[in-house]
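Step one of this worksheet: look at the structure below.
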Amino acid sequence: MCSSDLAKAQKVLEASWFNPIMNTRSVRITDNTYVIQGMPNVGIIVGSKGALVVDTGAGTKNGEMVYKEAQRRSKGPIYLATTLNLPPNASGGSAFPASVKYIRCKAQQAQADADDKNAIAYYQKNPVFKDLLNDVKERKGDILFDSKYDLDLGTVHVTLYCFPTAYGHGDTAVFAQEDRAMWTGGLMLRDAAPDFLPGSSFKGWFAAIDTLAALHPYITVPVKGEMYDYNLPRQTRLFLEALQARALALKSEGKKPEEAGQIINAEFKKKYPEWQLGDLTRGVTRAYAEAK
C-alpha cells in the first residue's frame, strides 16, 4: 500500500474517532486489511477464503452497517472477533447472522456472561450511546479459545491473542500476519494513558505488550484514535514503566494511593503534555496492590 493511501486513512480516522455512529464505508490500510473509522476502529481482514471482522460498533444499527461492509469486501465466509467485552466493541454482534462464526476468547466470554447487562446499562447513561443500545441482544461466541487462535483466510493468515489480566475485559489482539497489521483494542492507545479497570494488572499488561511487540507490526490500530506504527508497543510499555516506578517510589515514602495519584497526575501532565491522561489514580492503586 502506498504512503498516500495510509495518510488518507489516518486523516479520516483523526476526524471521526470519537463518533459512535460507524461510517458506512471502510478505508484500505494495507493490502488485505481495511478499517471502518469511529468508536471503535473496526477492522475487516480479507483473504481468498473469507474475511474476519474485528469489533462490531455499538448496537444493532452499527453492527448491521459493519456486516454489510464486510459482505461488500468479501464474497467468502465471514468471521467475527471482538477486542473487548464493552458495548462499543461487542454489542453489535446480534446483527450478524448465525452463519458468521464468532471467535472469542474464553475469558472475554466469561466476563460477558457475568456483566453484559451492567456494562450496557452503564454506557446508556451517556446520551451518545443510549438509543444505540436499546435493542441489544446477547451474542455468545461460537468458537472459544484460551490464549491463541489461528485463522486461515487463504491469502492472509490471522492470529488472535487473549490477555485476560491486562486491560481487564478479556483483551483480544488480532494480527494479520502477511500485512503485519494489528488491532490492539484497549491495550495500547496513541499518546493516551492506558486505563486501569477491575482485573487490570501491570504484570499482565507487560506480558501482553512484550508478546505483541515481538510480532513487529507495521501498523497498529487501537480501539479509538489514531493508527500508529511499530513503536506503539514500546511507547505504551515505557509509559506504564514510568507510572509504576513513580507510584512505588511514592509508596516507599509512605504516601497513600490517593495522595500519590494526585502527585502523579500533576507531574505527568508536565511530563506528557501532548497526551490524554485522565486520572491515573487507579493505575497507582494497582501498582501499590501488586507490590504487596
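Each number in this note's numbering comes from the position in the sequence shown (counting from 1) with 404 added on.
Backbone N, C-alpha and C define an ideal beta-carbon position, used for all residues, glycine too.
Just so we're clear, the structure is a prediction, and the values are computed from it rather than from any experiment.
(request) For residue 638, name the three-state secondary structure that DSSP assigns. (result) In the structure shown, residue 638 sits in a helix (DSSP, three-state: H, G or I).
(message) Run through the DSSP bridge pairs and tell me what residue 490 is partnered with.
(response) Bridge partners of residue 490: none, in fact.
(request) Decide if the stretch 581-601 is in contact with the stretch 466-484; the criterion is three or more beta carbon pairs, one per stretch, under 8 Å apart. (result) Contact fails: fewer than three Cβ-Cβ distances are below 8 Å.
(message) Taking 7 Å as the threshold (C-beta atoms), are residue 574 and residue 618 in contact?
(response) no
(request) Quick one: which unbroken alpha helix (DSSP H) runs of 4-plus residues sit fully inside the stretch 436-492? Chain order, please. (result) 463-477
(message) Check this for me: beta carbons of residue 444 and residue 492, under 7 Å apart or not?
(response) yes
(message) Between 427, 580, 628 and 647, which has its C-alpha nearest residue 610's C-alpha?
(response) 647
(request) Keeping to the same chain, check which residues put their C-beta closer than 7 Å to that of residue 430; ignore five residues upstream and five downstream. (result) 438, 439, 440, 448, 473 and 477
(message) Whole angstroms are fine: how far does the CA of residue 523 sit from the CA of residue 687?
(response) 21 Å
(request) Evaluate residue 515 with the Cβ neighbour count: other Cβ atoms within 10 Å of its Cβ, from every protein chain shown; 16 or more gives buried, anything less gives exposed. (result) buried
(request) Report the residue ranges of all beta strand (DSSP E) runs contained in full by the stretch 589-625; include only those spanning at least 3 residues, in chain order. (result) none
(message) Spatial neighbours of residue 509 within its chain, please: C-beta separation below 6 Å, excluding the five flanking residues on both sides.
(response) 549, 566, 574 and 576
(message) Under 8 Å: do the stretch 614-629 and the stretch 661-670 share three or more Cβ pairs, one atom per stretch?
(response) Taking 8 Å as the limit for Cβ pairs, the verdict is that the stretch 661-670 does not touch the stretch 614-629.
(message) Give me the DSSP bridge partner(s) of residue 579.
(response) 563 and 586
(request) Grab me the residues of residue 689's own chain with a C-beta within less than 6 Å of its C-beta, minus the 5 sequence neighbours each way, in chain order. (result) Answer for residue 689: 661, listed in chain order.
(request) Report the rounded CA-to-CA distance for residue 418 versus residue 586, giving the unit in angstroms. (result) The pLDDT assigned to residue 418 is 44, lower than 50, so where the model puts this residue is not dependable, and the model offers no usable value.
(message) Rounded to whole angstroms, what is the Cα-Cα separation between residue 457 and residue 659?
(response) 46 Å
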